[in-house]
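Engineer:
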Amino acid sequence: MPATNTIRIIGHRAINAVWRIGLASRFFFLTLLYSGSSFRRFRLIIRELFSTGVLSLIIIIVAGLFVGMVLGLQGYETLKRYGSESALGSMVALSLVRELGPVVAALLFASRAGSAMTAEIGLMKATEQISAMEMMAVNPIARIVAPRFWAGVISMPLLAAMFSAAGIFGGYFVGVVQIGVDEGSFWSQMQAAVDFREDILNGVIKSFAFGTVVTVIALFEGYDAPPTAEGVSGATTRTVVTSSLAILMLDFVLTAIMFRGN
Amino acid sequence: MERTTLDLWVGIFVVAGIAALVMLAMKVGNLGTYNMSETYQVNAYFTNIGGLKPKASIKSAGVLVGRVTGITLDTERYEAKVEMSLDRRYLFPRDTFANILTSGLLGEQYIGLMPGGDSEMLKDGEVIKKTQSAAVLEELIGKFIYNKAEEPAK
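Chains A and B are the protein sequences, given in the same order.
Whatever position you read off the first sequence (first residue = 1), add 2 for our numbering.
Whatever position you read off the second sequence (first residue = 1), add 14 for our numbering.
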């Protein structure tokens with residue numbers, strides 16, 4: 003009976019998905035539960051901040067610069083039709099601070115730092131370092147997972163802010179320096195349009211949420227990976243795919259909550 | 015990696031991130047541009063506010079002196095009641111004229127204050143009596159057509 007079989011497969015997949023969501027949320031709560039000790043040993047978080055934050059700096063800043071430059075060019079071409087090139091600054095700043103900064107930075111973060119986290123923890127598991135820790139009565143979640151989680155959550159808003167700042171300079175470079183939009187109106191229209199609480203703070207909240215989601219997915223995939231070479235590579239792929247989708251969906255939900263009714 | 019270099023890099027990262035946030039807040043957002051320390055509240059009634067929004071700026075001679083804090087419809091007079099908070103440093107005569115103006119052709123609308131000659135100043139909670147509503151495009155066009163029709167045919 004092929005029809006019942008297909009339905010059975012769908013059911014199996016659904017149960018698996020729910021099962022994994024449950025596992026992931028249990029893992030998330032365990033991470034929060036055991037993160038107290040990692041704050042007492044802050045050095046662990048600092049080391050992870052280096053590998054998630056500092057090493058992502060270059061890609062974030064370069065990407066931000068280029069995204070801002072493209073925004074400047076495209077925005078100018080469109081705004082020119084309505085004779086309002088002076089609104090270029092507010093357009094670039096609003097689209098970066100509200101959307102592109104948090105989202106693109108989180109996507110880059112997921113592929114740059116998230117995949118590395120998954121691969122690292124997956125390999126630790128494959129080489130039985132995690133079991134060794136458990137044998138020595140060291141809690142692997144407190145020792146390995148929690149510092150990485152907090153490093154991700156801390157570095158994501160900072161990276162998003164740097165992305166937005168770099169993007170605004172990119173837009174400034176193309177719009178003002180190259181095309182010749184008036185510098186005064188570029189900045190003043192930007193300042194008139196961008197509100198601190200409404201736009202910037204909401205962007206920061208967004209990037210916090212994305213940082214949490216990306217790191218939890220990356221850490222869980224690594225911790226849950228089958229301890230083989232194939233399993234680790236599959237988990238790394240899943241990290242990038244799942245967290246990218248999660249970022250985009252969460253972004254829609256957060257935008258709908260934050261910016262509706264204005 | 016050595017501890018001190020690692021600390022240095024993480025320090026640079028955190029400082030750069032916070033600097034980017036502060037730059038966004040100060041240079042891009044309007045946090046650093048205008049800080050009203052102490053304000054007083056003044057109301058004004060308009061028959062039509064056009065596209066005026068809360069937090070729109072209030073200017074006098076082009077200088078920002080306050081912000082619109084609230085817009086409601088007064089059902090006794092069926093006019094828009096605009097609450098404005100003005101900076102304490104700037105006092106205006108009681109016969110000040112409040113205009114709804116537009117910055118640029120398609121820009122944002124703001125309230126322009128034209129001081130009158132009264133020797134008494136507006137106090138907290140008082141009402142500006144002389145107001146002029148926003149210029150609505152349809153009305154302008156209507157007036158224009160009406161005037162054209164009145165002209166004798168050549």
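Note that the Cβ used here is the ideal one computed from N, Cα and C, for glycine as well.
Owing to the predicted nature of the structure, the values given are computational and were not obtained by experimental measurement.
(1) Output, in chain order, the set of chain A residues within a Cβ distance shorter than 8 Å of B/Asp-21.
(2) Going along the chain, which unbroken runs of the beta strand (DSSP E) with 3 or more residues stay wholly within the stretch 168-239 of chain A?
(3) Identify the contact partners of B/Val-77 in chain A, using a Cβ-Cβ distance below 7 Å as the criterion.
(4) Can you give, in chain order, each stretch of the beta strand (DSSP E) that sits fully within the stretch 57-93 of chain B and has at least 3 residues?
(5) Contact criterion: CB-CB distance below 8 Å. Does B/Ala-112 meet it with respect to chain A?
(6) Assuming contact is defined by CB atoms lying nearer than 8 Å, are A/Leu-110 and A/Ala-65 in contact in what I supplied?
(7) Which value, in whole angstroms, describes the spacing of the CA atoms of A/Ala-89 and B/Phe-60?
(8) When you compare only the Cα positions, how much space is there between A/Ile-219 and A/Met-119?
(9) Could you check if A/Tyr-225 is buried or exposed, using at least 16 other CB atoms within 10 Å of its CB as the buried criterion?
(10) Can you find a CB in chain B that lies within less than 8 Å of the CB of A/Leu-250?
(11) If you reduce the DSSP assignment to three classes, tell me which class B/Val-36 lands in.
(12) If you drop the 5 nearest sequence neighbours on each side, which residues of the same chain put their C-beta closer than 6 Å to that of B/Asp-88?
(13) Decide yes or no for the touch test of the stretch 28-46 of chain A against the stretch 141-161 of chain A: beta carbon pairs closer than 8 Å, at least 3 of them.
(14) Quick one: Cα of B/Gly-139 to Cα of A/Ala-26, how far?
(15) List the endpoints of the continuous alpha helix (DSSP H) containing A/Ile-123.
(16) From A/Leu-2 to B/Met-40, what distance separates their C-alpha atoms?
(17) Taking C-alpha atoms, which residue in B/Ala-149, B/Lys-144 and B/Gln-55 lies nearest to B/Leu-105?
(18) In chain order, what residues of the same chain lie with their CB nearer than 7 Å to the CB of A/Val-255, ignoring the 5 residues before and after it?
(19) With a cut-off of 8 Å, does the C-beta of A/Ser-166 fall near any C-beta of chain B?
(20) For A/Val-69, which of helix, strand or coil comes out of DSSP?
Structural biologist: Concretely, from the data shown:
(1) Ile-48
(2) none
(3) Residues of chain A passing the Cβ test: none, with the nearest at roughly 14 Å.
(4) 71-74 and 77-88
(5) no
(6) yes
(7) 29 Å
(8) 10 Å
(9) buried
(10) no
(11) helix
(12) Lys-95
(13) yes
(14) 57 Å
(15) 117-128
(16) With chain A covering 3 to 264 only, the question about residue 2 of chain A has no answer from this structure.
(17) B/Gln-55
(18) none
(19) yes
(20) helix
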